[in-house]
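Using the numbering used here, read the sequence shown as starting at 13 and increasing by one per residue.
Beta carbons are placed, not taken as given, at the ideal position from N, Cα and C, and that holds for glycine.
What follows is a set of notes on a single structure, which appears directly below.
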Amino acid sequence: MPSGRNGVILDTPGGPYYTELPDSCRQIGWQPMRRMFFSLLMLGAVLAGTVFAVSQPLSRPVLPQRSFQQMIGEHHRYTLDFLVFRDLAEGHLQLTAEKTPGRFRAELEARTLGVASWLTGERTQRYVSIMEEDASGRLRSISHESSIHKRKWGKWNDRGKRYRFDYLAGKVYQEKGENGEFRPGPVFELPVEQSPVDILTGFYNLRAGVYGPLTAGAHMKIATFTTRGISDIEVEVLSDNERLARPFFPTAGTLLRIKVDPEVFDTGGADLYAWFDETGRPARGIVENVIGLGDVYGRLNEEQKQP
């Protein structure tokens, strides 16, 4: 894999792709690297996997909508590449039905591999959302929990954060804890005009067309929660001209630019790009300029075939 003074050329299914290597890449220490590795993995798993695609003439992309029932049972397995390194980590994203009618469970889990596992303390990170379909036909969050399981100084430790949504009381309760024990935290008012959702609930609503059709030029904001209160997930469907500037992505399908609060995945606030194939499946993605280190690529495991 060739490299230059300021960057490297990555071998991708779409052909050679050049990415910059800023000076900070050589200056960063092991501790920031540990945190960075796993933040990138979780972003990559939500956003994408690689699917081999034949180039087609540019057209206005429209993402095929899928009902929640059609998405039940989806189970995508991912690996992550960063700079000149391949298969740094693995993860999965799945949606299942709960026993309570109309409720669903989304789970995003990832763990580091090889040298990345050593750097991060054999770290496993999980995001779990319980959601339900409301009277309007969209998903709303019931609970959202994130947890980190890793070894430090020879001992295993679990840290977690949880949001509970109480629609009768009009409140959102945030809790933090360790080893399965949570303590009360801030309490937020649920706005009447629009109910905020967690990142996974918003992801499935987006694919189902709840926020509107994903046609070229569309721009939407999805309300979510952070420790500071309500924030926005911003989604933009790139136009034909904007797509020309990003040759890594096939010309077919739908390409999104996404902005999330850095707190959601503990990142430095880099832009995210997600490409959906013609079937509506998240198929390729990039997290750009993370912590000044360059671009990150997520891809489906090669043995996972297109449905």
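Out of Ser129, Phe80 and Phe288, the CA that lies nearest to the CA of Asp99 is found in Ser129. Per DSSP, reduced to three states, the secondary structure at Ser153 is strand. Counted as a single uninterrupted DSSP element, the stretch harbouring Asn253 is not any beta strand (DSSP E) but the alpha helix (DSSP H) occupying residues Asp252 to Leu256.
When the beta-carbon positions are compared, Arg171 and Ile160 come within less than 9 Å of each other. Beta-bridge annotation (DSSP): Ile234 is paired with Ile245. In the displayed model, Arg219 falls within a helix according to three-state DSSP. Taken in chain order, the unbroken stretches of alpha helix (DSSP H) that lie wholly in the stretch 118 to 183 and span 4 residues or more are 126 to 132. The criterion of a C-beta distance shorter than 9 Å is not satisfied by Arg311 and Tyr139.
For Gln206, there is no enclosing alpha helix (DSSP H), as DSSP gives it neither H nor E. The Cβ atoms of Met143 and Val209 lie closer than 9 Å to each other. Inter-residue distance for Gly221 and Gln77 is about 6 Å (C-alpha atoms, whole angstroms). Counting of Cβ neighbours within 10 angstroms places Leu180 among the exposed residues, the total staying below 16. Listed as beta-bridge partners of Ala109 by DSSP are Phe116. Burial is judged here by how many other beta carbons sit within 10 angstroms of a residue's own beta carbon; Arg195 has fewer than 16 and is exposed. The Cβ atoms of Leu105 and Pro225 do not sit closer than 9 Å to each other. Setting aside the 5 residues that flank it on each side, Ser251 is surrounded in the same chain by Ala228 and Gly229, each with a C-beta closer than 7 Å to its C-beta; the list follows chain order.
Going by beta carbons, Leu256 and Arg269 fall outside the 9 Å limit. Beta-bridge partners assigned by DSSP to Thr239: none are found. Arg163 counts as exposed, since fewer than 16 other beta carbons sit within 10 angstroms of its beta carbon. Ser141 is the residue among Ser153, Ser141 and Ala286 whose C-alpha sits nearest the C-alpha of Leu107.
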